[in-house]
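Heads up: the protein sequence lines correspond to chains Y and E, in order.
Position 53 of the first sequence, counted from 1, bears residue number 53 in the numbering used here, the numbering being contiguous throughout.
Every number in the numbering used here is 1000 more than the matching position in the second sequence, counting from 1.
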Amino acid sequence: MSDRRNLFNKVWDLHDVRTLPNDQTQLFIGLHLIHEVTSPQAFEILRDRNLKVACPNQTVATVDHIVPTADQSRPFQDGLAEKMMSAIERNCDEFGVTLLDLKDGRQGIVHVVGPEQGLTQPGMTIVCGDSHTSTHGAFGSIAIGIGTSNVAQVLATQTMFLSRPKVRRVVVNGDLAPGVYAKDVILYIIQQLGVQGGVGYAYEYAGTTIDAMSMEERMTVCNMSIEGGARCGYINPDEKTVEYLRGRPSVPTGDEFERAAAWWLTLASGDDAEFDDEVVYNAADIEPTVTWGITPAQSVGVSQPLPNVADCDAGEETLISEALEFMGLAEGEPVKGTPIDVAFIGSCTNSRMSDLREAARIVAGHKVADSVKAIVVPGSQLVREQAMQEGLHEVFEAAGFEWREAGCSMCLAMNPDKLQGREVCASSSNRNFKGRQGSPTGRTLLMSPAMVAAAAIEGRVADIREFAGAAV
Amino acid sequence: MTNTIKSVSGTGIPLMLDDIDTDRIIPARYLRCVTFDGLGDHAFEDDRQQDPRHPFNASKFSGATVLVAGRNFGCGSSREHAPQSLMRWGIKAVIAESFAEIFFGNCCSLGVAAVTAPRDELDKLAAAVEADATLEVVVCLENLTAKAGDLCIPVKMPSSAREALITGEWDYLGQLLSASCAVKEHVLTVPYLNGFSA
């Protein structure tokens, strides 16, 4: 009889150390990724209780959130950031954890670094004190964001308690139209299912649209699972997954790699796999998508008008009115043409090579609008180096973008990169929450990197499909 | 160490908005720290700055311990700084229509009672608390009720989280450590830790 378990349940069962009478599973964790913001208090808990890191070889740290992307000389100008940097250096040194720090050429956003180094592999359980850990699900792993108390638990025991979620298959079929990207697919899914639609679920993304995506595109989709409420999102491993991983530093070689690849492929949900729920979407219904509000579900296709409060579902009026007021946007108006002040290309959602190549292709030969400050922040030092070998930095700089060092930067503005006052930012990041980009009154419009590039040049939200010379 | 939490009582503070994210609960700039000390002062900092009438600005609610909130409370980031800031502000229980998952898990880790209730009941509770900020709200985890004056509403909590608080076994680290032998054995069954031949 065939195994009708979906990938999630196969991987979960493999890591189930014990199930308590209350249905909580003590789950073994294969890979624990660490960064400087959510770990210092966890290491302090270990010190207080005289505990060691249980599996230092399955624990890898890097620095990303607070990293300055312009002047990286030490000590940092921000004393608090310097203190955090010193803390993770000391903690990793004392507890024997590998730290990919600024001097290490592999440093970058933790969710870019994991896959890039081949640390992220199919069939693993992966945790990190960061909600965008769902990114790693693109490889067919169970990858979830955890809080600091959980970080301490995983450091000390390589396990944590979790309740098994339900699994919803989110199917997208068909070809994406020119100018429509993975970012638009996930924004559309969140728009359809809502920001809490995924609470209690893991999302399996499937269908011919997902199958056709590159690994980097799949990471973009899985990355924003949490914005739809799903703590975990994943995609079944296939030959693309295997080929992406082949030859990466932390991946086995030779016969062991072949055994690994064969095992990875067995994990995929079969055609008759069982799910708790399923939704099906058509790629043809997805436009280049832009958020207009203060949650990632408040988005429209770029050719569509903003919603009218009167047409909203009962109970939604307050949210929509609050969002329109904060954003300074009027109901029923087109989103296209909304003036912007800042353009940000970066974040764990969209800062990989394919994102930078596509954005560079759009800006080549154009100039950023006079009124716009535009920055590109590569996701890792390796991405940055590769982009520079390809000359992308010259394309961006010639157009008027600033070319920065790797980090999280203006996605959450814990470093010096921040919006000022009520600035509006066209951003390739993942959250448009009030104040997210560093100014309490700053405003964020989420969109694909290509759309950010077009907005930077036009000085306003543009439709990439109509953008001069884009030839999408 | 037993630290049983069978009920939480104190005055309430209403915040009946939906999709309150963790960036609003504690803006990211306050995450530049290596301890959680002092985060209570910055709970809802930016919302409070922009809205003088924000409940966390109102002196009548200043000693509140029970937060009454809307749908999808605590969505967004995994930062434990969010429930830490509420806890350090004085909140011991949150009654909401629903919670984001990571936020809920973080509350459990901290012994903050996070329970849900239907919206119409929450609206009544919020109105009662708004009308009389001195009203004592009692969240009983054993009976799964929240009482305030004449009002008594049913609340829900997943049984695992509820049992942990009631029995005082929400020190999950201790429980996880107690299974260390089982973990060592389990490692031997994980293919990627055994050359993919396990």
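The beta carbon of each residue, even a glycine, is placed where N, CA and C say it ideally should be.
Keep in mind it's a predicted model, so treat the numbers as computed, not measured.
Coil, strand or helix - residue i by DSSP
i, result
"Y:T148", "helix"
"Y:V185", "helix"
"Y:A141", "The sequence shown places Ser at residue 141 of chain Y, rather than the Ala named in the question. It is coil, neither helix nor strand."
"E:G1111", "coil"
"E:I1026", "coil"
"Y:R460", "strand"
"Y:A200", "In the sequence as displayed, the identity of residue 200 of chain Y is Gly instead of Ala. Coil at Y:G200, not helix or strand."
"Y:A359", "helix"
"Y:E325", "helix"
"E:F1196", "coil"
"Y:C55", "coil"
"E:D1021", "strand"
"E:P1191", "helix"
"E:N1003", "coil"
"E:P1014", "strand"
"Y:D313", "coil"
"Y:V11", "helix"
"E:V1155", "coil"
Per-residue burial, residue i [other beta carbons within 10 Å of its own, 16 or more giving buried]
i, result
"E:V1068", "buried"
"Y:P21", "exposed"
"Y:L245", "buried"
"E:L1188", "exposed"
"Y:M533", "Past the boundaries of the shown model lies residue 533 of chain Y; chain Y is included only from 1 to 472, so the question cannot be answered."
"Y:R231", "buried"
"Y:P237", "buried"
"E:K1092", "buried"
"E:K1184", "exposed"
"E:C1181", "exposed"
"Y:R384", "buried"
"Y:P249", "exposed"
"Y:K52", "exposed"
"Y:N430", "buried"
Closer than 7 Å to chain E by CB, residue i
i, result
"Y:F28", "yes"
"Y:E498", "This structure cannot speak to residue 498 of chain Y, because chain Y is shown only from 1 to 472."
"Y:L80", "yes"
"Y:A456", "no"
"Y:A70", "no"
"Y:T289", "no"
"Y:S131", "yes"
"Y:V167", "no"
"Y:N22", "yes"
"Y:A87", "yes"
"Y:T157", "yes"
"Y:T148", "yes"
"Y:V199", "yes"
"Y:F95", "no"
is_contact[residue i, chain Y] using C-beta, thresh 7 Å
i, result
"E:A1179", "yes"
"E:C1075", "yes"
"E:H1186", "yes"
"E:R1053", "no"
"E:R1048", "no"
"E:Y1172", "yes"
"E:G1195", "yes"
"E:D1120", "no"
"E:V1183", "yes"
"E:P1027", "yes"
"E:F1036", "yes"
"E:M1001", "Reliability fails at E:M1001, whose pLDDT of 47 lies under 50, so the model's placement of it is uncertain and the value that follows must be treated cautiously. No, no contact with chain Y."
Suppose only complete runs of 3+ residues qualify. What are the beta strand (DSSP E) ranges in the segment 366-436 of chain Y, listed by chain order? Given a length threshold of 3 residues, each whole run of the beta strand (DSSP E) inside the segment 366-436 of chain Y is given here in chain order: 373-376, 401-403, 424-427.
Could you tell me whether the segment 293-306 of chain Y touches the segment 326-340 of chain Y, using the rule of 3 or more Cβ pairs below 8 Å? yes
Runs of beta strand (DSSP E) lying entirely within the segment 258-284 of chain Y, each at least 3 residues, in chain order: List check, beta strand (DSSP E) in window: 277-282.
Could you tell me whether the segment 160-171 of chain Y touches the segment 270-283 of chain Y, where touching means 3 or more Cβ pairs closer than 8 Å? yes
Mind listing, in chain order, the continuous alpha helix (DSSP H) runs of no fewer than 4 residues lying wholly within the segment 57-89 of chain Y? none
Between the segment 144-161 of chain Y and the segment 40-48 of chain Y, are three or more C-beta pairs nearer than 8 Å? yes
Pair every Cβ in the segment 410-421 of chain Y with every Cβ in the segment 260-267 of chain Y, then say whether three or more of these pairs are closer than 8 Å. no
What ranges does the beta strand (DSSP E) occupy inside the segment 94-176 of chain Y, keeping only unbroken runs of at least 3 residues that lie completely in it? 98-100, 125-128, 142-145, 159-163, 166-173
Take every Cβ of the segment 1117-1126 of chain E, pair it with every Cβ of the segment 1150-1170 of chain E, and state whether three or more of those distances are shorter than 8 Å. yes
Decide if the segment 197-204 of chain Y is in contact with the segment 218-232 of chain Y; the criterion is three or more beta carbon pairs, one per stretch, under 8 Å apart. yes
Would you check if the segment 115-129 of chain Y and the segment 1141-1148 of chain E touch, i.e. whether three or more CB-CB distances between them fall below 8 Å? With the cut-off at 8 Å, the segment 1141-1148 of chain E and the segment 115-129 of chain Y do not touch.
Please give the ranges of any beta strand (DSSP E) in the segment 1080-1131 of chain E, keeping only runs that are unbroken, at least 3 residues long and fully inside the region. Entirely contained in the segment 1080-1131 of chain E, the beta strand (DSSP E) runs reaching 3 residues are, in chain order, 1093-1096, 1113-1116.
At a cut of 8 Å, does the segment 98-115 of chain Y reach the segment 447-455 of chain Y through at least three beta carbon pairs? no
For the segment 15-41 of chain Y, list the beta strand (DSSP E) runs that are entirely contained and at least 3 residues long, ordered along the chain. 16-19, 24-28, 31-34
Continuous beta strand (DSSP E) assignments of at least 3 residues falling wholly in the segment 213-249 of chain Y: 232-235
On the three-pair Cβ rule with 8 Å, is the segment 335-353 of chain Y touching the segment 108-123 of chain Y? yes
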